[in-house]
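K.L.:
Mapping to the UniProt record's numbering: the sequence shown position 438 is 438, numbers consecutive.
Yeah, the Cβ is synthetic: ideal placement off N, Cα and C, and Gly gets one too.
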Amino acid sequence: MAHTKEDTVLKEVGDIEDSMETYAKILATNKPNPLGPGYIKLYLLSAVVFLCSTMNGFDSSLMGSINALPNYISYFDLPENGNASTGIVFAIFQVGQMCGALFIWMTDWYGRTWHIFFGCLGVCIGTIITSLATSLPIFIAGRFLLSFFATCGHTAAPLYLVEIAPPIYRGTIAGMYNTFYNVGSVFSTSAVYACHKYLSHHGDLDWRLPLWLQMVCPGLVCLVIKFYPESPRWLVSNDRHDEAQAIIATYHTNGDAEHPLVALQMREMLATVDREYQASWKDFFDLRVLVESRSSRYRLMLNIAFSWFGQFSGNNIVSYYLPIMLNGIGITDTNLKLILNIVYAVIGWVASIFSSRLHDVVGRRKMLMGTTAGMTVCLAIVAACAAGYTEYGNQTASTVTIVFIFKFGAIFACGFTPMQPIYPAEVVSNRMRAKAMGTFKLTAGAAGFLNTFVSPIALSNIGYWFYVFFVFWDTFELAFMYLFFVETKGSTLEELDVFFEAKNPRKASVEAVKARKRIIQEQRGSDSRRVRDAETRDTTQSEQVMLRMHTPQGFPGLVPIDNGPDGTRRAGVRRQWAVLQVLFPHATLDDLVDKDRAELIRLLSKSSSTDTDLPTERFGVALSVSDCPENAHDALEESDEADDSEDRHWDESAKDPATLATSDDINAIGLAGDRRRRSYLGICSVGAVLKTLFRLCPSAKACIIKDFKLWAPVQPDDTRPTLLPQGPVITPSSDSLRELRYITFYFDNVQAITPFLHEESFRVKFTTRDQQGSSWLGLCNMVLTVGSIASGSDTAHIHYYNRARSYLNLDSLGSGNLETLQALCLLGGYYLHYRNSPNMAYSILGAAQRLAIALGLHREPPVRNEQPDPEARGSYVLRLETRRRTWWSLYCLDTWATSLRPINRISVHEAQALDYDLQRWYDGLHPVLQHTIDAPPRMTVAREFLRNRYYNARLILSRCFLLYMTYEDTTRLHPHPAEQQMASLCRSIAGETIDAIALYWVPNRTQVWNAAWYLFQACMVPLLSIAMANMSDPAAVDPADVSAWYASLHKALEAFSEMRPWMRTSDRAPNIVAVLLRAMSQGPDGSIHTPSVTDGALNLFGMSDEFLIEMDWSELPNDENIFQSPFPLT
């Protein structure tokens, strides 16, 4: 019952449970060594950053101490018991703190370490001003600057530590940060005591020298901080993923880049960090992120509440005004006051160091509530004893007051000191964090200002009643913490995001901690039971064999049941041993025990080949030829339902030029309802993927057939937005300006990809119209055809294509000239693919290639410089360059068109070598062709096309190995590690492709046509992966991987939706992706399984997961879908 109740509550955090379980299991079985080299580096790095915390502690104790020095009081003419001027000197620090908090957003702009650097540098400058001050106004101004810059460093430093520390030790490492508040406090009080004791007779040196010492710690940080790595989450938000991954591997797993924690944390960061959000000065006043949702408002409430509690719980009275409090209970000796100040700081330091680990062991909520209750009791006793001394002069009451003042300080240091910079940063999201930390400092500054300014006045006027007020206030804090504070112990920052989406975040976080503890205990208990059973059970030899095989690498089906009586268990073992005798008749038990799965399979094959009496029917399995990996290549090329009596054929003739085909057989959109044998597809085609999907998930094919019948017939669409007005008939004489614009669109969007036309010469010929040959007219009309598509027009291309067809016929092949060849390149390389006629395009390009060879374009002619006329020489060079570009453009077009038609199965080593060459080639490109920097528009077109082609080439190269894995008989053969690596690489490339296209696609018909097809290609991989996962043992599938696949698919659907205005009427690919995703999400009973963060969900268009169930899938774009050819711009 306890588990049932717990699981019911955990449904509120279901989106994170699998990820949490994965994390817990990793820690239970493969926890990194906290004393490893990477962690030692992290500790040393953190120790220097801790020095930023000394700035606040140094100042609070410094001012409290020098406020007891007669030389300081007399120099600035301040009263001994304090007044408003004293309050201003102290409170100006909080004013500077609030002003400095206004600039915390800059940490999102240029990074955490730069903000720490500037903050520490400014503290040094402020220290110089205060140390040299000759009047109270100058002294106050210096303290303002010191506080302003101290806040910059003091807020960026814990932010940095929270984000770079491992989750399991985040409370300890980051919590240790604020314990150095007390280091600064001890340093300052000790310095003041020594200076007063030995330098009080040397003028004002006894209080000025401690002021100079205030720059020691920030000065050291300023010297070294820029040599430290940046926050990994900041790096991820700025698309520097490799650097972030390297930092996590170095400091979280001791340099092990393959450790599962590295991949888990990277996936979580990539899923939650908003990479498009980059803070700037313009964003400062846009505070909507802090209140835009219920969860954001809850987070902000906790952030503000904790910051106020940390400064307004009675602690500032003691830290700043301890000497005044001591005066109130009869202690007036200056040296004794300073010694007690030092003791108070030391006690707080020791207590905070001890408790920084307790927050990760006991938990934040329990520690904060327990210490707040203790503070309330201490203040109540202090108030009572102070009243006893004030009213009756009781010296014992005075002594008790001192004791409980120190106990109060120790208790406060246990609960609040480690968590003050940590908890406010933990409870806010990545996007909120910088501004929320600014809110934290503003609130803390306001609370501190009120406390420090009012306290001396209150202590002078109402005395111990001021303590009574804080008794009631701390009681209120305790109730608030119990009702609202969220437990953050042991959770990653990304897991906390999900807690706040629950109906009751506090309850969800507490129950999640219980569940994590249960998971770890069960995991460890399972491991210990296996070891204990293996050591203590009195079994036969066969039982011992089975127990030793009871490992994740063994045969799960051959494990005896542990819960039954001994007799039943031994009977089960004997039956299993009989099966082993059948499988391995010539092997002894010792031969089998220490062998892994692959070795056992080889031994089984050897036994089968030597024992001819063993019939294959004995196994109850009939292995088909296609089940063998070596034949999977051929099996995948054939249609599952094709009729062998029919020859391959297709019909892509333009019987109705005004209507585009809804599908082609290269992408196999019509595969579900068409049994004909079509063109050669090959294992790299989308058709092979769809066939495999249908085999793994038969309901997917049924869904495709059902929805295919509902899709409306394709009709010419005149309503979609275009860049130019459309007309039913467009002739050259009716609108030459329109045609000039089509030509401009051609050169802006197509020429950058295949630059075989000389723009200036083409425009001159078109404008003068002095050439009317069929070759020129065919080329001109093909340019207008493709250019009109690039312009966004849906109908103009029909007119120009009809005109081009009249000039490009069989007789054109008898006309050997460059213009005919170029027209065929545009026809076969671009337009026929736009019409979903890839096989016809393939044939046209073949003819174009023969024509190019006949023209001699495959040969590189020598450059001749004997022409004396510069104009003639220039014309000759231009002609040679045009021939050269035409040949290589044709070569690229033909290569792109054949990339899906491989001749044989490629070996894994060949694929790895080719992939390596592709990466090395892409890395060697000019930066303009790699990065999204300022570049001419035509260069941008080339860059985006090149990136998509690069990802697609790598995807095609690795996708076949993913398909091979689906055809392997996993009970007979374990996939080769290299093939598994290629399959994993395929999934990674698909995810990168979807991310890149979703981020960089350009709102233009031609570029959307290109990008959307590659997006469709990439979607096939996560769909296939989900289908494979559904057919696999759940224990063998990483839930985080499934989550990433679903996330990629929903990101792709969102990109498709954004591309709608620039899509064609005939495009169906988004429908296919949506329907297949729906089919993959269905359970055995036909109900749709809604993916979550833990098993594959990503909020679609920012909506909740329920949207995926409640939405009408038929409303997905049916008439505005993407191009369906495997090489749309080729």
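Indicate whether the contact test is met: 3 or more Cβ pairs, each with one atom in the segment 1013-1029 and one in the segment 1050-1067, closer than 8 Å.
P.N.:
Cβ pair count under 8 Å is three or more, so yes.
K.L.:
Within the same chain, show all residues whose beta-carbon is closer than 6 Å to that of Phe309, passing over the 5 residues directly before and after it, in chain order.
P.N.:
Counted from its first residue, the sequence shown places residue 309 at position 309. Glu477.
K.L.:
Under a Cβ-count criterion, where at least 16 other Cβ atoms within 10 Å of its own Cβ denotes burial, should Asn315 be classed as buried or exposed?
P.N.:
What you label residue 315 is simply residue 315 of the sequence shown in a count that begins at 1. It is buried - the Cβ of Asn315 has at least 16 other Cβ atoms within 10 Å.
K.L.:
Where do the ends of the alpha helix (DSSP H) carrying Gln822 lie?
P.N.:
Locating residue 822 in the sequence shown gives position 822, where the first residue counts as 1. Counting along the chain, the alpha helix (DSSP H) containing Gln822 begins and ends at Leu818 to Leu826.
K.L.:
Let me know if Gly773 comes out buried or exposed under the rule of 16 or more other beta-carbons within 10 Å of its beta-carbon.
P.N.:
Start at 1 with the first residue of the sequence shown, and residue 773 comes out as number 773. So Gly773 ends up on the exposed side.
K.L.:
If you draw a straight line from the alpha carbon of Thr692 to that of Leu1077, how long is it in whole angstroms?
P.N.:
Along the sequence shown, read from residue 1 onward, the residue named residue 692 stands at position 692. Along the sequence shown, read from residue 1 onward, the residue named residue 1077 stands at position 1077. Straight-line Cα distance between these residues: approximately 15 Å.
K.L.:
Have a look at Ser699, Leu450, Ala515 and Tyr344 and flag the residue whose alpha-carbon is nearest the alpha-carbon of Ser65.
P.N.:
Looking up residue 65 in the sequence shown gives position 65. Nearest C-alpha to Ser65: Tyr344.
K.L.:
State the Cα-Cα distance for the pair Gly448 and Ala508, rounded to the nearest angstrom.
P.N.:
Position 448 of the sequence shown holds residue 448. Position 508 of the sequence shown holds residue 508. Straight-line Cα distance between these residues: approximately 32 Å.
K.L.:
Mind reading off the beta-carbon distance from Met840 to Leu851? Whole number of angstroms is fine, and I expect it under 8 Å.
P.N.:
In the sequence shown, counting from the first residue as 1, residue 840 sits at position 840. In the sequence shown, counting from the first residue as 1, residue 851 sits at position 851. Not confirmed; about 17 Å, so no contact.
K.L.:
Roughly how many angstroms lie between the CA atoms of Met98 and Thr172, to the nearest whole one?
P.N.:
The residue you call residue 98 lines up with position 98 of the sequence shown. The residue you call residue 172 lines up with position 172 of the sequence shown. The alpha-carbon atoms of Met98 and Thr172 are separated by roughly 27 Å.
K.L.:
For Thr744, which three-state DSSP category applies?
P.N.:
What you label residue 744 is simply residue 744 of the sequence shown in a count that begins at 1. Correct three-state label for Thr744: helix.
K.L.:
Alpha carbon to alpha carbon, how far is Tyr423 from Ala515? Give it in angstroms, no decimals.
P.N.:
The residue you call residue 515 lines up with position 515 of the sequence shown. The residue you call residue 423 lines up with position 423 of the sequence shown. Whole-angstrom Cα-Cα distance: 22 Å.
K.L.:
Could you have a look at Leu857 and say whether DSSP puts it in helix, strand or coil?
P.N.:
Taking the sequence shown and counting its residues from 1, one reaches residue 857 at position 857. Here Leu857 sits in coil by DSSP.
K.L.:
Here's the rule I'm using: 16 or more other beta-carbon atoms within 10 Å means buried, otherwise exposed. How should Lys489 be labelled?
P.N.:
The count along the sequence shown starts at 1 and reaches residue 489 at position 489. Lys489 is buried by the Cβ-count criterion.
K.L.:
How about Cys222 and Leu121: do their beta carbons lie closer than 7 Å?
P.N.:
Residue numbering aside, residue 222 sits at position 222 when the sequence shown is read from its first letter. Residue numbering aside, residue 121 sits at position 121 when the sequence shown is read from its first letter. Taking 7 Å as the Cβ cut-off, Cys222 and Leu121 qualify as a contacting pair.
K.L.:
When DSSP labels each residue in this structure, what does Asn341 get in the three-state scheme?
P.N.:
Locating residue 341 in the sequence shown gives position 341, where the first residue counts as 1. Residue state, collapsed to three classes: helix.
K.L.:
Tell me which residue opens and which closes the alpha helix (DSSP H) that Arg240 is part of.
P.N.:
Indexing the sequence shown from 1 puts residue 240 at position 240. That residue, Arg240, is in no alpha helix (DSSP H); it is neither H nor E in DSSP.
K.L.:
Return yes when the C-beta of Tyr389 is under 6 Å from any heavy atom of the ligand HEM, and no when it is not.
P.N.:
With respect to small molecules bound, the structure shown includes none, and the ligand HEM cannot be examined in it.
K.L.:
Tell me which same chain residues have a C-beta within less than 6 Å of the C-beta of Val750, skipping the five on either side of it?
P.N.:
Mapped onto the sequence shown, residue 750 falls at position 750. Excluding sequence neighbours, Val750 sits near Val786.
K.L.:
If you pair each beta-carbon of the segment 954-962 with each one of the segment 906-918, do three or more pairs fall below 8 Å?
P.N.:
As far as the Cβ criterion goes, the segment 954-962 touches the segment 906-918, which means the pair count is three or higher.
K.L.:
From which residue to which residue does the alpha helix (DSSP H) around Gly463 run?
P.N.:
Position 463 of the sequence shown, counting from 1, holds the residue named residue 463. Here Gly463 belongs to no alpha helix (DSSP H), and DSSP marks it neither H nor E.
K.L.:
Within this structure, are the beta carbons of Trp921 and Val1008 separated by less than 7 Å?
P.N.:
Residue mapping note: residue 921 aligns to position 921 of the sequence shown, counting from 1. Residue mapping note: residue 1008 aligns to position 1008 of the sequence shown, counting from 1. No.
K.L.:
Does the distance from the C-beta atom of Leu159 to that of Ala413 stay below 7 Å?
P.N.:
Position 159 of the sequence shown, counted from the start, is the residue given in the question as residue 159. Position 413 of the sequence shown, counted from the start, is the residue given in the question as residue 413. Going by C-beta atoms, Leu159 is not nearer than 7 Å to Ala413.
K.L.:
Determine the direct distance from the alpha carbon of Gly415 to that of Val95, and round the result to whole angstroms.
P.N.:
As a working mapping, residue 95 is identified with position 95 in the sequence shown. As a working mapping, residue 415 is identified with position 415 in the sequence shown. Looking at the two C-alpha atoms, the distance is approximately 26 Å.
K.L.:
Taking Gln980 as part of the alpha helix (DSSP H), name the residues at either end of that continuous run.
P.N.:
Taking the sequence shown and counting its residues from 1, one reaches residue 980 at position 980. Taken as a continuous stretch (DSSP letters only), the alpha helix (DSSP H) holding Gln980 covers Pro977 to Tyr1000.
K.L.:
So does the segment 347-355 actually touch the segment 182-201, counting three or more Cβ pairs closer than 8 Å?
P.N.:
With the cut-off at 8 Å, the segment 347-355 and the segment 182-201 touch.
K.L.:
Taking C-alpha atoms, which residue in Ser837, Gly388 and Phe187 lies nearest to Gly463?
P.N.:
Taking the sequence shown and counting its residues from 1, one reaches residue 463 at position 463. Nearest of Ser837, Gly388 and Phe187 to Gly463, Cα basis: Gly388.
K.L.:
Please confirm if the segment 192-199 is in contact with the segment 367-379, defined as three or more CB-CB distances below 8 Å between the two stretches.
P.N.:
At 8 Å Cβ cutoff, the stretches do not touch.
K.L.:
Locate the alpha helix (DSSP H) running through Glu258, then write down its first and last residues.
P.N.:
Taking the first residue of the sequence shown as 1, we reach residue 258 at position 258. Neither: Glu258 is in no alpha helix (DSSP H) and is coded neither H nor E.
K.L.:
To the nearest angstrom, how far is the alpha carbon of Arg294 from that of Lys435?
P.N.:
Residue numbering aside, residue 294 sits at position 294 when the sequence shown is read from its first letter. Residue numbering aside, residue 435 sits at position 435 when the sequence shown is read from its first letter. Between Arg294 and Lys435, the C-alpha separation is close to 17 Å.
K.L.:
How about Ala848 and Leu826: are their beta carbons less than 7 Å apart?
P.N.:
To locate residue 848, count along the sequence shown from 1; it is residue 848. To locate residue 826, count along the sequence shown from 1; it is residue 826. Against a cut-off of 7 Å, the Cβ pair of Leu826 and Ala848 comes out as no contact.
K.L.:
Considering only the beta carbon of each residue, do Ile1022 and Trp1045 sit closer than 7 Å?
P.N.:
By one-based count along the sequence shown, residue 1022 stands at place 1022. By one-based count along the sequence shown, residue 1045 stands at place 1045. Inspection of the sequence shows that residue 1022 is occupied by Pro rather than by Ile. A contact, by the Cβ cut-off of 7 Å.
K.L.:
May I ask you to report which of helix, strand or coil DSSP gives Phe756?
P.N.:
For this step, residue 756 is matched to residue 756 along the sequence shown. Correct three-state label for Phe756: coil.
K.L.:
Please report the residue range of the alpha helix (DSSP H) in which Thr488 lies.
P.N.:
Start at 1 with the first residue of the sequence shown, and residue 488 comes out as number 488. Note, Thr488: premise wrong, no alpha helix (DSSP H); not H, not E.
K.L.:
On the CB-based measure, 16 or more other CB atoms within 10 Å of its CB, does Ala257 come out buried or exposed?
P.N.:
Here residue 257 is taken as the residue at index 257 of the sequence shown, counted from 1. Exposed: under 16 other Cβ atoms inside 10 Å.
K.L.:
Measure the C-alpha to C-alpha separation of Arg1068 and Ala1012 and round it to an integer number of angstroms.
P.N.:
For the purposes of this step, residue 1068 is taken as residue 1068 along the sequence shown, with counting starting at 1. For the purposes of this step, residue 1012 is taken as residue 1012 along the sequence shown, with counting starting at 1. Whole-angstrom Cα-Cα distance: 11 Å.
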